[in-house]
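Enquirer:
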Amino acid sequence: MSLASSIRTIAAWEMNRSMTTMGRSVLPLAAGLLVLLVLVTAFAAQSGVHMQDGMYRIGIDDPEIARIVAPDSRFTTYLDSGAALWESRFAYDIVVLQGEVYAADTDKGRAALKTLERDYESYVSRVAAGEPDLFAAYPLWIDLQYVKSEIDFLATQSGQQVGAPADAGRPPVPSGPVEAVTPPASAMPISEETLREHLADTGSGHPLERYTGVISGGSAMEQFRTPSELSPPLPFDAIILVFVFIFPLYFTSQFFMMSVMNERVGRAGEALLSTPVRPAAIVVGKALPYFTIMILISAVITLSAGAPMTILLPLVPVILFFLANALIIGMASRSFKELSFVSIFFSTLATSYLFFPTVFANTHVISIISPLTLVVLDIQGDGFTAMQYVYSTVLFFATSIILFYVGITNFREERLFSQKPLASRLADFVSAGISRDHPHLSLFLLAGFTIPFVFMAQMLTLVLFFNIPMPLSLVLLTVSAAFIEEFAKSIGLYAVARERPGFLTPKNLLIGAVAIGFGFLAGEKLLLFATLAQITESIFGSVLFLSLQVLWMPLLLHIAGVLVTGGFLLLWGRQGYGPGLIAACMVHSLYNLYFLMGALL
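Per my numbering, residue 3 is the first one in the sequence shown, and the count goes up by one each step.
(1) Considering only the beta carbon of each residue, do Ala316 and Leu251 sit closer than 8 Å?
(2) May I ask you to report which of helix, strand or coil DSSP gives Tyr94?
(3) Where do the ends of the alpha helix (DSSP H) carrying Leu325 lie?
(4) Does the contact criterion of 3 or more C-beta pairs under 8 Å hold for the segment 274 to 291 versus the segment 339 to 353?
(5) Going by CA-CA distance only, name the one from Met333, Val481 and Ser342 that's closest to Asn594.
(6) Please report how far the alpha carbon of Ile436 lies from the alpha carbon of Ile297, in whole angstroms.
(7) From Ala85 to Asp74, what does the alpha carbon distance come to, in whole angstroms?
(8) Any idea if Ala388 is buried or exposed, counting beta-carbon neighbours within 10 angstroms, 16 or more meaning buried?
(9) Report buried or exposed for Glu526, applying the criterion of at least 16 other Cβ atoms within 10 angstroms of its Cβ.
(10) So, using beta-carbon positions, are Ser492 and Thr411 closer together than 8 Å?
(11) Looking only at its chain, what residues have a beta carbon closer than 8 Å to the beta carbon of Leu5, apart from the 5 residues adjacent to it on each side?
(12) Give the DSSP-derived three-state secondary structure of Ile404 in the structure shown.
(13) With distances taken from CA atoms, which of Phe386, Thr78 and Ile70 is nearest Ser124?
(14) To the nearest angstrom, how far is it from the Cα of Pro441 to the Cα of Val246?
(15) DSSP on Glu102, reduced to helix/strand/coil?
(16) Helix, strand or coil: how does DSSP classify Arg576 here?
(17) State the DSSP-derived secondary structure class of Gly61, mapped to helix, strand or coil.
(18) Which residues bound the beta strand (DSSP E) around Leu379?
(19) Tell me whether the segment 322 to 332 and the segment 251 to 265 touch, counting them as touching only if at least three CB pairs, one residue from each stretch, are closer than 8 Å.
(20) Out of curiosity, what's the CA-to-CA distance linking Phe406 and Pro503?
(21) The ligand FAD and Leu528: does the residue's C-beta get closer than 7 Å to at least one heavy atom of that ligand?
(22) Among Leu466, Ala490 and Glu488, whose alpha-carbon lies nearest the alpha-carbon of Leu479?
(23) What does the alpha-carbon distance come out to for the pair Phe399 and Ile321?
(24) Just curious, the beta strand (DSSP E) that Phe505 is in, first and last residue?
(25) For Leu443, which option in Glu416, Leu418, Phe520 and Phe357 has the closest C-alpha, if you only look at C-alpha atoms?
(26) Which partner residues does Thr452 have in the DSSP bridge list?
(27) Hey, how far is the Cα of Ala524 from the Cα of Arg266?
(28) So the alpha helix (DSSP H) Thr350 belongs to, where does it begin and stop?
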């Protein structure tokens, strides 16, 4: 049987098994929850969410003023005489006496005052919308035309001043002939009635309405604003819509994870392993139905939302990343309880890596490390270049391929049905890739293969420490980057020493350290220069990759770090791995700080 036909057979078997096995228990429950979610959402949209009802107590002595806050369910309104209200003023968050507003000097009082200000602005808008001469109340309407910022962040980080010219402090002087202003009604491409409806609806819509029209472009009124309605063009609305794509994708990958776990717990995988089918065909065939379903889900959401189909391109590596991690988690976990903890931990890290950088879309180069930034840019109509696509997705493609390779290599009976602890199982997965005949070559290749994971972990720390003030953020980033690199370099040596204790001799340690150092340097140089040039231009990226400018120095550092960790392993066995890792991290951190201080000075 050919590989293609084997994959097709396994894929059909997996689809039938999932629909029959999980279909009897999980799928009806998932469908029921989905229907319940739709019903609850529809009910909330129809009747509103009432969690904030009656939050603030407001006392008013004038019924006309009370009508201003009457539509706002957040206020509980009390009408009484001025004397009675003043006597019991401490029982209210806000008291309005003869048109004067008195707010309690508390956080709740200040929040109530802000809410009252917004209600009053909405009231003024509704009143102005009914005036015969609309443009007497609103003579200025702003036509928004967003232009992408071209600020050079590198210049600001190097001490150069970027901004307005030196004479910008002087007020502008009018020049040229005075021309008559065209009346707004004849110049605006929308009718006066549309403007009135917009003013009347300002602040009175359902909270979910702010997300409608982001993808489809919205109505013509979305382009025009009064000065009080202007706000920065932050991508939060687009990020909320991106979550609509990611949630069902991650949810579907859980079925693949459960399928792998079910075969291990129920020992059903033994029959599959006994067939004359290669592990590669089994893994790819089992993953193919879920990959197809996730692509179809993304396409359906894209078509229904009216978004460009090009947003599927950055979603493909995210789908592969979810499936690859689902495979490893399903193979490594001993029970569904352990599976739940590991999958939740992974989802937290993956969500942080994917969503946090998108907040800085069109603002800072750090946002480009997430493929979801490309989705946001495409939704906003800006699009993305081929180079940006490579920058954002290469780590996801690389890590997915490596994880699938690890899963295929370990997809055999002694690995799948072992009951060792999680850490021991992961160490077994690593040691499976180390050849007994050529261990040093395997360590060289393993060090190179860890580079995508190292860069991804370092990018995650870059996102986490990005908003912490300097120099604390640089110090934290330096230490965390050193720890990640030393752990990645030593994991292969630890795995082989754990499986073959007699291998770790002074001679083999020295040769292995050199092999790991060369492999790690070759891998990071190749991936760095091919994909991450933009990130390294930032001062934060320089913390991670500054020392790569001189090849022989980082090579010696990599070798020295492995020798330090390996020396502890050689002297004290597996108990010395933790202290050795800390010592190597300290050496690496001092090296990075030396280069960093020299660069900043």
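We put the CB at the ideal spot given by N, CA and C, even for glycine.
Expert: Per the coordinate set shown:
(1) Here the sequence assigns Pro to residue 316, which means Ala is not the residue at that position. Cβ atoms of Pro316 and Leu251: not closer than 8 Å.
(2) coil
(3) Leu314 to Ala334
(4) no
(5) Val481
(6) 35 Å
(7) 25 Å
(8) exposed
(9) buried
(10) no
(11) Arg280, Ala282 and Ala283
(12) helix
(13) Ile70
(14) 46 Å
(15) strand
(16) helix
(17) strand
(18) Careful: Leu379 lies outside any beta strand (DSSP E), inside the alpha helix (DSSP H) at Pro373 to Ile381.
(19) yes
(20) 28 Å
(21) Because no ligand of any kind appears in the structure shown, any question about the ligand FAD cannot be addressed here.
(22) Leu466
(23) 10 Å
(24) Unbroken run through Phe505: none, as it is neither H nor E.
(25) Phe520
(26) Note: Thr452 sits in no beta bridge, so no partner.
(27) 38 Å
(28) Phe338 to Phe357
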